[in-house]
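Chemist:
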Amino acid sequence: MRILFMGTPDFALFSLRALVEAGEDVVGVVTQPDKPKGRGYTLTPPPVKVYAEEKGLPVYQPKTLRDEAFAELLRQIDPEVIVVVAFGKILPANVLDYPKYGCVNVHGSLLPAYRGAAPMQRAIIDGCAETGITTMFMADGIDTGDMLLKKSVAIDLHDTFETVHDKLGECGAELLLRTLALLEAGEITPEKQDDALATYAQKIEKEDCLLDFSRTAKEVHDRIRGLSPIPLSFTHTPDGRLLKVVSSDLCTGKGKPGEVISLENGRITVACGEGAVALLSVLPEGKKRMSAADFINGRRISVGDILS
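Using our numbering, you'd call the opening residue of the sequence shown number 1183 and step up by one each time.
1) Once the 5 residues before and after L1256 are set aside, which same chain residues still bring their CB inside 6 Å of it?
2) For I1478, which residues from the same chain have a beta carbon less than 8 Å from its beta carbon, with the 5 sequence-adjacent residues on both sides left out?
3) Beta-carbon separation of R1199 and Y1233 under 9 Å?
4) Which partner residues of H1289 appear in the DSSP bridge assignment?
5) Can you list, in chain order, the residues of its chain whose CB lies under 6 Å from that of D1487, leaving out five sequence neighbours each side?
6) Cα-Cα, which of V1464, S1463, L1465 and S1430 is closest to A1453?
7) Could you work out which residue in G1455, H1418, S1490 and A1458 is closest to L1465 when comparing CA atoms only?
8) Determine which residues share a DSSP beta bridge with D1431 and list them.
9) With distance defined between alpha-carbon atoms, name the residue in G1220, D1216, R1248 and L1239 nearest to G1205.
10) Counting only the same chain and skipping the five closest in sequence on each side, list residues whose C-beta sits under 6 Å from that of Y1283.
11) Work out the CA separation of I1483 and F1269 for me, nearest whole Å.
12) Given a cut-off of 9 Å on the beta-carbon distance, is the pair P1274 and R1297 in contact?
13) Buried or exposed: where does N1287 fall if 16 or more other Cβ atoms within 10 Å of its Cβ makes it buried?
14) Decide if R1481 is buried, meaning its Cβ has at least 16 other Cβ atoms within 10 Å, or exposed.
15) For F1416, which option in T1213, A1300 and L1393 has the closest C-alpha, if you only look at C-alpha atoms?
16) Distance check for P1294 and D1377, CA to CA, integer angstroms please.
17) For R1304, which residues in the same chain have their Cβ closer than 7 Å to its Cβ, ignoring the five residues on either side in sequence?
18) Would you mind sorting K1470 into buried or exposed? The rule is 16 or more other CB atoms within 10 Å of its CB.
19) So, under 8 Å CB-CB, L1278 and S1334 are touching, yes? Tell me the CB distance rounded to an integer number of Å.
20) According to the neighbour-count rule (16 or more other Cβ atoms, all chains shown, within 10 Å of its Cβ), is G1354 buried or exposed?
21) Just the Cα atoms here: how many angstroms apart are P1301 and G1290?
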């Protein structure tokens, strides 16, 4: 099949790489425009563009999919199927309806659970023991199309957004290849989603990152790992300085919620509403990431301090 690939971040790379390495006919790659990044606001290409150019694939970065210019481009490329993985824009009807085999999306959840922008982070924050990948036909709506294939992936207690992202990326690439083979052979049966079971994974906002130590230790730990390595959860030291948390572990201990109850073994143990968490690595305001032991040795925290 003539495949037009649409994707932007690292998560999309897993699927694009799998298509190329499997020898599939990728006739073009559509990705978001380059964006300024870093302190110098250097114009930086998205990961998908970098890889596609390395492989000699035609790359297109339209500002919009809704004008005649893109409609003409679509006619020129003439894809039989469009594969969409974390592209970042809603596809208009003329794009959805164009390819013979439809538009196939690789979504990072077991639909209809966690439709939306942040399914991986929300599943970890919510303490789920598993998530997965769903391939689906795209439709008018946010992740509402008919499902094609699914595969579950376990979320371990110490998985972070980074590790789940990579596990789902690999799973999605494998499931995509299977989906396309069955689709071309006419051996796949789409399944409608039950909207009554749908949940929505909203985009991560700043308020989602603030730690609330009045919650259980498990809930605090889940939030920390669900937001690591980016954007990172945070709290404040008694002097009002921002303290982002990179990693944590569950432990025992009692105290007021947010109270530092131990600094032993290079760990900052903080009491929660139930149980305690040990902060293992942190990002202090104005500093680089460091181990909790280095933060302790810098005398930036004391037993009895309240993190708020």
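Just so you know, even glycine gets a beta-carbon here, dropped at the ideal spot from N, CA and C.
Modeler: Walking through what the data contain:
1) Y1280
2) Once the five neighbours on either side are set aside, the close Cβ partners of I1478 are L1445, G1448 and I1450.
3) yes
4) T1316
5) P1420 and V1442
6) Distances from the CA of A1453 to each of V1464, S1463, L1465 and S1430 were compared; the closest alpha carbon is that of S1430.
7) H1418
8) A1460
9) Selected option, being the one with the closest Cα: L1239.
10) Listed in chain order, the non-local C-beta contacts of Y1283 below 6 Å within the same chain comprise E1262, V1263 and L1365, local neighbours out to five positions each way being set aside.
11) 43 Å
12) At least 9 Å separates the beta-carbon of P1274 from that of R1297.
13) Flag for N1287 reads buried.
14) Counting C-beta atoms within 10 angstroms of its own C-beta, R1481 has fewer than 16 neighbours from the protein chains shown and is therefore classed as exposed.
15) L1393
16) Looking at the two C-alpha atoms, the distance is approximately 7 Å.
17) Only Y1296 and A1383 meet the Cβ criterion.
18) exposed
19) In fact, because the Cβ distance is near 28 Å, the residues do not count as touching under 8 Å.
20) Burial call: buried.
21) 6 Å
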